Ligand code: ADP
Ligand code: MG
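Numbering (UniProt numbering), first residue to last: 3 to 256.
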């Protein structure tokens with residue numbers, strides 16, 4: 003029994019170590035860090051990652067779920083945008099990685115409560131993705147057939163598009179044209195909820211949970227970012243991140 007206990011202890015220790023994530027103290031320690039992404043980060047004047055970036059970037063890079071609580075102005079946009087761009091580039095899905103001419107698939111979805119916030123995220127994302135071949139786009143009402151790896155949207159517009167993409171097929175003949183207009187959401191494996199507490203408050207909750215359910219796949223990893231994380235948000239996370247998914251890391255800054 004002593005041996006068995008020892009074995010058990012070792013296993014537990016290993017598991018704990020696997021869950022310990024070192025903070026990413028420099029942007030140069032990113033997984034792939036294409037020279038262009040690095041240049042764009044520097045061009046923005048970002049020399050050292052902020053505290054929330056040091057904590058959140060390695061979690062997203064490792065493909066784990068994240069609940070991150072950090073004050074306004076602490077740099078949450080870069081904390082998710084840089085590691086998702088790095089992840090896409092590491093997969094060689096940008097033009098830089100030899101993917102030129104290939105049809106783009108939506109891999110990352112960022113949801114923000116207002117169009118203004120969504121536009122700000124797109125602006126930041128575009129600056130960071132400049133010249134990498136990775137496209138970052140704002141999802142527009144009725145603007146279907148999106149071919150960008152990173153899509154940013156408000157809940158209502160995104161839910162509408164998701165529902166349109168799964169609605170029944172049109173009659174033969176119209177098919178191809180209709181398919182062209184639809185957005186293919188089936189390759190999404192990263193979902194970012196920015197201002198998560200607002201997205202999960204009663205006003206937006208039904209829409210946000212609708213999106214979360216529709217994007218659900220064994221590969222989906224979710225990151226929540228907010229200045230506050232309420233207990234009801236925690237509960238909703240436990241309900242919507244399947245036990246089979248990677249661990250959920252909680253990060254509280256400030
Ligand atoms: P939050 O979403 O946490 O409220 P933002 O993402 O809007 O914060 O970022 C706040 C400001 O900090 C922005 O002007 C952004 O350009 C700046 N910023 C982000 N990361 C860094 C960094 N590593 N170094 C310097 N400034 C940064
Ligand atoms: Mg923000």
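Idealized CB from N, CA, C, for every residue including glycine.
Given the structure is predicted, the values throughout are model-derived calculations rather than measurements.
Out of 134, 161, 73, 136, point me to the one whose CA is closest to residue 146's CA.
-> Taking the Cα of residue 146 as reference, the smallest distance to any Cα among 134, 161, 73, 136 is reached at 161.
Have a look at the DSSP bridge pairing and note the partners of residue 227.
-> According to DSSP, residue 227 bridges with 70, 196.
Spell out a yes or no on whether the segment 52-68 and the segment 219-237 are touching, meaning 3 or more CB-CB pairs, one atom from each, closer than 8 angstroms.
-> Touching, per the Cβ criterion.
Through-space distance from residue 213 to residue 153, alpha-carbon basis = Their backbone Cα atoms lie some 13 angstroms apart in a straight line.
Contacts around residue 54, its chain only, beta-carbon distance under 7 angstroms, and the 5 residues preceding and following it disregarded = Only 70, 72, 76, 77, 78, 81, 255 meet the Cβ criterion.
beta-carbon residue 232 near the ligand ADP non-hydrogen atom, thresh 6 angstroms | For the ligand ADP, not one heavy atom lies less than 6 angstroms from the Cβ of residue 232.
Compare the C-beta of residue 93 with all C-beta atoms of chain B and state if any pair is closer than 7 angstroms.
-> Absence of chain B from the displayed structure is noted, only one protein chain being present.
Report whether the distance from the Cβ of residue 77 to the nearest heavy atom of the ligand ADP is below 6 angstroms.
-> Checking the Cβ of residue 77 against the ligand ADP gives yes.
Mind checking whether the beta-carbon of residue 80 lies closer than 6 angstroms to any heavy atom of the ligand ADP?
-> Yes, the ligand ADP has a heavy atom inside 6 angstroms of this Cβ.
Roughly how many angstroms lie between the CA atoms of residue 184 and residue 5, to the nearest whole one?
-> The alpha-carbon separation between residue 184 and residue 5 amounts to approximately 59 angstroms.
Taking residue 25 and residue 60 to be in contact with their CB atoms under 8 angstroms, please state how far apart those CB atoms are, rounded to whole angstroms.
-> So it is a contact: roughly 7 angstroms between Cβ atoms.
Reduced DSSP secondary structure (H/G/I, E/B, other) of residue 139 | In this structure, residue 139 counts as strand in the three-state DSSP scheme.
How about residue 126 and residue 83: do their beta carbons lie closer than 7 angstroms?
-> In contact: residue 126 and residue 83 (Cβ atoms closer than 7 angstroms).
Cβ atoms of residue 92 and residue 33: under 7 angstroms apart, would you say?
-> Note that the C-beta distance between residue 33 and residue 92 is below 7 angstroms.
Measure the beta-carbon distance from residue 111 to residue 193 and round it to whole angstroms, keeping in mind my assumption that it falls under 8 angstroms.
-> Between residue 193 and residue 111 the Cβ distance is about 5 angstroms, and since that is below 8 angstroms, they are a contact.
Would you grab the beta carbon distance between residue 191 and residue 211 for me? Rounded to a whole angstrom, and I think it's under 8 angstroms.
-> About 19 angstroms separates the two Cβ atoms, so there is no contact after all.
Pick out whichever of 86, 12, 207 has its Cα sitting closest to the Cα of residue 197.
-> Taking only the C-alpha atoms, the option nearest residue 197 is 207.
Report whether the distance from the Cβ of residue 235 to the nearest heavy atom of the ligand ADP is below 6 angstroms.
-> For the ligand ADP, not one heavy atom lies less than 6 angstroms from the Cβ of residue 235.
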